[in-house]
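Okay, structure first, notes after.
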Amino acid sequence: MTDAPNEHAPEARADGSPRVGATLAGAGGRRIGRVDAVFADYLLVRTAGLLPVDLYVPRVEVAGEGDRLAVEIGPDEAYARWHRPLKRAPHD
Numbered sequence: 005m006t007d008a009p010n011e012h013a014p015e016a017r018a019d020g021s022p023r024v025g026a027t028l029a030g031a032g033g034r035r036i037g038r039v040d041a042v043f044a045d046y047l048l049v050r051t052a053g054l055l056p057v058d059l060y061v062p063r064v065e066v067a068g069e070g071d072r073l074a075v076e077i078g079p080d081e082a083y084a085r086w087h088r089p090l091k092r093a094p095h096d
């Protein structure tokens, strides 16, 4: 066995800012998804489920730090607000 770092483990952030692998919870503590990427203005959150969906969550909407993040809305409203479907190909 090697002592190589786990590439699936959350990245540590010394400043307490959101990090990849953090869990985003909604109203009532219901899990919305896991942070896949952190950008200056938003978090890319992948929902849990059989067919995962990407949500683009504005950072100003997110409370908490490190690996415990929350928003004030539930999963259904999060999907309605922050899901951006891929555009269809021009030939469709």
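If you count the sequence shown from 1, you need to add 4 to reach our numbering. Yeah, the Cβ is synthetic: ideal placement off N, Cα and C, and Gly gets one too.
| Query | Result |
| --- | --- |
| Spell out the partners DSSP gives A74 in its beta bridges. | A29 and A67 |
| With which residues is G37 paired in a DSSP beta bridge? | L28 and T51 |
| Do V39 and P56 have their C-beta atoms closer together than 7 Å? | no |
| Helix, strand or coil: how does DSSP classify D45 here? | coil |
| DSSP three-state call for P56: helix, strand or coil? | coil |
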